[in-house]
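This report refers to the structure that appears directly beneath it.
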Amino acid sequence: MDPQLVEVTQIFARLKAALLRNDFGTCNNLLSQLKVLLTKYPSLPPTFQQTPTAVEELQIARDIYEHAVLLSVKTEDQDAFERDFFQLKPFYTDTCGLIPPSPQECPILGLNLLRLLVQNRIAEFHTELELLPPNALENPCIKHAVELEQSFMEGAYNRVLSARKTVPHETYVHFMDLLAKTVRDEIAGCSEKAYDSLSVADAKKILMFSSDQELSTYIEEDHPEWEIKNGFVFFQKAKESQPCKEIPSLQLINQTLSYARELERIV
Amino acid sequence: MAVVSSASGLLAMLNEEHPVLKLHALQKLNSLVNLFWPEISTSVPTIESLYEDEGFDQRQLAALVVSKVFYYLGELNDSLSYALGAGAMFDVSEDSDYAHTLLAKAIDEYASLKSKSDKMGEEGAKIDPRLEAIVERMLDKCILDGKYQQAMGMAVECRRLDKLEEAITRSDNVHGAVSYCINLSHAYVYHREYRCEILRLLVKIYQGLPSPDYVNICQCLMFLNEPETVARIVERLLRSDSKDDALLAFQIAFDLVENEHQAFLLDVRNHLYLKPQEASLPDNGSVGMKSENGNADEADNAASGAQDVLMAESSHAPNGNLDPTEVAYNGELTKIKGIFSGETSIQLTLQFLYSHNRSDLLILKSIKQSVEMRNSVCHSATICANALMHAGTTVDTFLRENLDWLSRATNWAKFSATAGLGVIHRGHLKQGRALMAPYLPQTGAAGGGSPYSEGGALYALGLIHANHGEGIKQFLRDSLQNTGSEVIQHGACLGLGLAALGTADEEIYEEVKNILFNDGAVAGEAAGISMGLLMVGTASDKASEMLAYAHETQHEKIIRGLSLGIALTVYGREEEADTLIEQLTRDQDPILRYGGMYALAMAYRGTANNKAIHQLLHFAVSDVSDDVRRTAVLALGFVLYSEPEQTPRIVSLLSESYNPHVRYGAALAIGISCAGTGLSEAISLLEPLTSDVVDFVRQGALIAMAMVMIQTNESCDHRVGTFRRQLEKIIQDKHEDTMSKMGAILASGILDAGGRNVTISLLSKTRYNKITAVVGLAVFSQFWYWYPLLYFISLSFSPTAFIGLNHDLKVPRFEFVSNAKPSLFEYPRPTTPPSSTSTVKLPAAVLSTSAKAKARAKKEAEQKASADKPSSDSVSASSSSGKGPKATEKDSESVQGGNAIEKKIESEQSFELLTNPARVLPAQEKHIRFLEGSRYVPVKLAPSGFVLLRDLQPAEAEVIVLTDAPSNATSANSQQNSASSAMAVDEEPQPPQPFEFSA
């Protein structure tokens, strides 16, 4: 076996061990080393050169990135998740026939969907969904994400929150926590539109806070334009009904006249 | 083989912290950008930030990636600025669309910056040194790769004369490179001053060469207007011992004369007189004076000018105690002076046109018969057609055979008819005045002829001496001063303008101005034009004076004359004329705006300048006055004549305009710019216009068509035959409008102009704009308002001839080959009497006997054709031999068409031998080859025009072909008789006399 590949395997083994120990600092270090090492292999995407050891390399690279994704979930680093996921993706989409599909594929794809849902990037969510093969939709991990999105869109927020109990994979728990926050933001946005003001108690109930304190911190952090006064939360309506757009009459008249003139000139 | 389907992984990698990963991602992106630019474009800000990150060591790579993405997005400006940032990473030799596009963009950018900074002077736009570096890298690469033409083009475009010089001097064929560069500077450099700079550089390079190409140097010097340098070169060549050098000097002189720049030629000549040794300077001055006198005299006593000067020279020689070489030199000097004065070439042309005249009197006769006598317009059109057909041939048989008919011309028609004589005798410098004598105003005798014929005669003198009026100027001035009649003033003004074309003679100008200030409509119009003719291309401040008077006067005719005159003054001045053009085109008076259009046409003649074209097109569709719109379209023809292929495309939409004036303008624009080309697109565009619903559009289209088809025969383009038949039909149709009839008559005149030996060309063979021709056509296009101006078209006629000359400027016997089928370039067939053709057309019942007879006839025809074949081979000059097979072909055609034609093609030779002097059509030039082992070798390998021949066997006697035919005093007397009899309107009619040149 190629000595370099041996080195990679060794470091990777250490990474796996560290991950089990939840020693994230070491993990990040090792991962960074690994990624640099991986750039030296021409058989990896995007070049896909045919080398004798291509299959092993591809497999180990995929494994590494899968672990990187899992690591980022554990460290709750969404940016790193995104980065690693995109680097992992070519291994799923473009290596058909070169290496057997990974058992981790569906959970990770599901995780990504969940992430998009959490970040409220619905458009990308659907794009990803469309790119999945039809049989993947049957997979519980992905099905879970899809159902969540449906509930989310319908406004059945309680169903979203209760879905936490039915996660198909232990890594999903982290995102489910984040999802609660997204749901709250969504509710806050709606109430802002729907009400001029709400009593603190109602607001607390709607936004699913257990104490007034939590509510006021939330308002301070996320919605500084709201105001708490006399036991009521006032939603500032920044967007006063905008004056309907003026018709650019003069410009239109000028244009029409010049058209007429040009028409006259037409040879 | 797996292929990556998205760049998102790599883009994600860009956000990694480790620089090695970023670098890896960038490198991969750089190679994949052509596939994934849409994805990458969303991440451009990330890459840009990498580029801006000072700590990142591969910033250039980042810049290159960004540049490529912008390129694919179509943002070339951004792309270029990042490519500049990429520095050396941007590979100029890369063979990709990206590299090519960006290089082009960079060069464009650089060129426009350069020209901008040139315009604004030193402190102009600061040029990015990185941009400059890229362009220089590109230029160096081109030079290294041996792509010199590319390098030269770029250097010219970028105004890098240093690089241009490098490219030329390092190229393997310096002569070729320089001549390529000359073409380049004429065709693509729109800025006049810059063009001069280039030419100056070229002259410098030329002079540095071991064997300078004097012919080209002198052409350049002519553009630069440096007569003194030309004179010095010519002098050096003449003084050299070798006869070849003298031949070269003659050749230079002929080439310069062909460009028709009278003022320049006069300057060269004057410098030649002053140049010889300082010791004899005053003497030589007197020689110059003497010869001037000689010139003036020569017109009076109809003696040979060249002889006269020779006498002056030789009589002078002993006084100066000159050694034999000096005498020989003086002899040469006389010859070259004769050439520079234009007399030699005019005389030779005249002889050529006379001896090769192939005009078809039958056409004229049928026109004359079908035109109604009382219709004065058609009548004078016929006279004009005759004049054009015989322009420069001195053949006035038709006039003399039809004196009665001719005498119907009265008033202005008589003026025109007399002027027509000038066209026929164009270039007959020596006897011009004698010929016109019967019609000229008689000094002293008060009650001479009609003022119309007198005025016409003065105009005719102008036409005869156009652009070579040294000898006749004084006489015309006297006539102008001695008359009070507006008609005579009109003629004299035109004549003076023509004779003193472009000389900017102050005295004449003042005299003409006085006529103008009399404020007579008719004379004032001519004066306006005349002032323009005098000042052609001088861009003098006289224009503002003329403009002021144009505002003052009430007469539209005068305003029109003046506005044309003003337009003529800015001839060829390009940007320099912009202020004046602006002034004219913004005027309230439509006539002055109309002058503005002409000013645009004249200032940008033959430059195909985009700005001028835009302006003209704008006026063509936006002006309120039909006259202005028509002229604007017409002016396009002048701007575009150097690129005739462009014109049909540009005016094709205009030719479908609803406005007949615009359609008319479009027709003439094509006529002017495609004149003499026989361009197929032009003909296709004109064809529908010849059957337009509006009469004057038909007229314009017919004239334009004739201009395009001049000297094209039916075997080149079958539509020529159709057109001839169409003309015939229009002329004979009783119900046709007078306007289109007139157009048809003139068209037949133009089609067969100059005895079928001339074409209309606005460019000389060296691509110099022929001032006389351009001015002639410009004034010609005024015939819309004033029919006598029709005759100006004769100025644009130039003979299509190869005339070889030996050292004595005689025409020796010399043969060369035209490698093309003779039928392609032969003269059109002479028309046959109408009676015979009409019988052929009758449909006949086919009887069994007649079928048999036909079969027999066919057999006979075939035999005849085969019999003709050898005989035609044996005859050298094709034109006459062509007739034999033609006639039989016609017979057999009536029996069975296709078969006979095929046979003819088979039997025709693929080349013909031409004998000096020969008719060589412009289209034929590329087929001309000189024979190896011939006695004479041309100094310059030119397929047409005047070519000096080097005699390889000087010891043997030469066979001279053309002699000084129409020159000696023997014929003067008879000529006077015949001339006076030519149009016996005022005198006693005399019997027509046999009129022959002693050939």
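Chains P and B supply the protein sequences, listed in that same order. Position 261 of the first sequence, counting from 1, maps to 261 under the UniProt record's numbering, and the rest follow consecutively. Position 982 of the second sequence, counting from 1, maps to 982 under the UniProt record's numbering, and the rest follow consecutively. Even glycine gets a Cβ: it sits at the ideal position worked out from N, Cα and C.
is_contact[residue i, chain P] using C-beta, thresh 7 Å
i: A12 of chain B; result: yes
i: L32 of chain B; result: yes
i: G9 of chain B; result: yes
i: K28 of chain B; result: yes
i: L686 of chain B; result: no
i: S5 of chain B; result: yes
i: H379 of chain B; result: no
i: residue 1008 of chain B; result: Shown here, chain B extends from 1 to 999; a query on residue 1008 of chain B therefore has no answer.
i: S24 of chain B; result: Looking at the sequence shown, residue 24 of chain B is not Ser but His. Answer yes: the Cβ-Cβ gap between H24 of chain B and chain P drops below 7 Å somewhere.
i: V693 of chain B; result: no
i: S622 of chain B; result: yes
Residues that residue i bridges to, as DSSP identifies them
i: L805 of chain B; result: B:L948
i: P938 of chain B; result: B:L949
i: I928 of chain B; result: B:S818
i: K116 of chain B; result: For K116 of chain B, which the question treats as bridged, DSSP gives no partner whatsoever.
i: P799 of chain B; result: B:V758
i: F232 of chain P; result: P:S199, P:K229
i: E575 of chain B; result: Note: E575 of chain B sits in no beta bridge, so no partner.
i: N918 of chain B; result: Correcting the residue identity first, residue 918 of chain B is Ala in this sequence and not Asn. Looking at the DSSP assignment, A918 of chain B forms a beta bridge with B:F802.
i: N769 of chain B; result: B:L763
i: E912 of chain B; result: B:S818
Residue i at chain B interface by Cβ criterion, 7 Å
i: T39 of chain P; result: yes
i: P224 of chain P; result: no
i: R83 of chain P; result: yes
i: S32 of chain P; result: yes
i: D94 of chain P; result: yes
i: K239 of chain P; result: Residue confidence for K239 of chain P is low, a pLDDT of 49 falling below 50, so the modelled location carries little weight; the figure read from the coordinates is stated next. No, K239 of chain P does not count as interfacial toward chain B.
i: V73 of chain P; result: no
i: Y140 of chain P; result: Checking the displayed sequence, the identity of residue 140 of chain P turns out to be Pro instead of Tyr. With 7 Å as the cut-off, P140 of chain P does not count as an interface residue toward chain B.
i: P100 of chain P; result: no
Supposed contact pair residue j and residue i - C-beta distance, whole angstroms, cut 8 Å
i: L38 of chain P; j: I64 of chain P; result: 7 Å
i: I508 of chain B; j: L496 of chain B; result: 6 Å
i: S796 of chain B; j: L762 of chain B; result: 7 Å
i: T668 of chain B; j: L634 of chain B; result: According to the sequence displayed, residue 668 of chain B carries Leu and not Thr. Yes, they are in contact, since the Cβ atoms of L668 of chain B and L634 of chain B sit about 5 Å apart, within 8 Å.
i: A88 of chain B; j: L102 of chain B; result: The Cβ separation is near 14 Å, so there is no contact.
i: G392 of chain B; j: L348 of chain B; result: No, G392 of chain B and L348 of chain B are not in contact; Cβ-Cβ is about 12 Å, not under 8 Å.
Residue j beta carbon less than 7 Å from that of residue i
i: A744 of chain B; j: L702 of chain B; result: yes
i: L333 of chain B; j: L948 of chain B; result: no
i: S673 of chain B; j: G700 of chain B; result: no
i: V36 of chain P; j: V178 of chain B; result: no
i: G565 of chain B; j: M602 of chain B; result: no
i: V118 of chain P; j: L71 of chain P; result: no
i: G74 of chain B; j: P90 of chain P; result: no
i: I363 of chain B; j: H390 of chain B; result: no
i: E225 of chain P; j: Q236 of chain P; result: yes
i: V628 of chain B; j: Y664 of chain B; result: no
Residue i CB to nearest heavy atom of the ligand MG below 6 Å
i: E728 of chain B; result: Among the ligands in the structure shown, none appear at all, so the ligand MG cannot be discussed.
Contact list for residue i against chain D, beta-carbon separation under 8 Å
i: E39 of chain B; result: Looking for chain D here will not work: the only protein chains present are P and B.
### Message
Does the structure place the stretch 250-261 of chain B close enough to the stretch 336-345 of chain B that three or more beta carbon pairs sit under 8 Å?
### Response
yes
### Message
Count Cβ pairs between the stretch 68-80 of chain P and the stretch 60-69 of chain B that sit closer than 8 Å; are there 3 or more?
### Response
no
#### Entry: At least three beta-carbon pairs within less than 8 Å, the stretch 21-37 of chain B to the stretch 254-263 of chain P
no
### Message
Check whether the stretch 523-542 of chain B and the stretch 552-569 of chain B touch, using three or more Cβ-Cβ pairs below 8 Å as the test.
### Response
yes
### Query
Between the stretch 45-56 of chain B and the stretch 119-126 of chain P, are three or more C-beta pairs nearer than 8 Å?
no
#### Entry: Meets three-Cβ-pair contact criterion under 8 Å: the stretch 773-786 of chain B and the stretch 721-734 of chain B
no
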